[in-house]
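S.K.: If you use numbering that gives the first Met the number 0, the sequence shown closes out at 139, no skipped numbers anywhere.
In this text, a Cβ means the ideal position worked out from N, Cα and C, and glycines have one as well.
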Amino acid sequence: MTVLVFVSVVLRYILNSPVTWSEELASLLFAWLTFVGAYVGFRTHSHIQIDTVTMFLPVGLRSAIRRIVTAGVLMVLGIFIWQGFSLVMTTWSLEFPAMEISRGYLYLSLPLGACMMLVAVLVSSRRAADGRSEDQEGGC
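#1: DSSP three-state label for Ser-101, please.
#2: Along the alpha helix (DSSP H) that carries Leu-73, what are the first and last residues, could you check?
#3: Is Val-120 near Leu-60, with beta carbons less than 8 Å apart?
#4: I want to know whether the region 102-115 touches the region 77-91 - three or more CB-CB distances under 8 Å.
#5: Hey, Gly-112 and Ala-25: beta-carbon distance below 8 Å or not?
#6: Within its chain, find whatever has a CB closer than 6 Å to the CB of Leu-93; leave out the 5 residues flanking it on each side and keep chain order.
#7: When you compare each of Arg-42, Glu-23, Arg-125 and Gly-71 to Met-98 by their alpha carbons, which one comes out closest?
#8: Is the CB-CB distance between Leu-76 and Leu-32 below 8 Å?
#9: Can you tell me whether Leu-56 is buried or exposed? The criterion is at least 16 other CB atoms within 10 Å of its CB, across all chains shown.
#10: Quick check on the burial criterion: 16 or more other C-beta atoms within 10 angstroms. Buried or exposed for Ala-128?
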């Protein structure tokens with residue numbers, strides 16, 4: 000994606016020969032990479048979390064807080080899925096002018112990415128409930 004944007008800038012401003020579809024493709028790739036990256040972060044537990052307070056709490060209270068946070072994350076992901084599909088349906092009839100494909104493909108990254116994140120959270124929660132960790136099983 001970075002190479003695409005760089006080549007587009009060089010062609011547009013130095014050679015005065017713009018590639019009309021490059022900005023559209025870059026925005027499409029950016030959206031998809033954002034949500035796939037967020038899914039990978041959920042799957043590998045690499046999102047930032049602040050545990051300064053919770054690490055001093057008793058194990059039972061820490062577990063309860065973790066469940067509340069997980070429920071909140073699942074609710075937000077559910078909203079992303081619901082509203083994302085609504086957005087896809089609204090924008091499906093619109094097209095990118097240069098690429099001549101539906102804008103719905105851009106917005107489809109939201110509900111599909113949220114679905115992948117939801118699965119990752121559920122798998123992680125199930126493993127935590129079973130007392131297994133990702134270290135014991137070698138990943139996801």
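M.R.: With the structure as the only source:
#1: strand
#2: 58-90
#3: no
#4: yes
#5: no
#6: Arg-102
#7: Glu-23
#8: no
#9: exposed
#10: exposed
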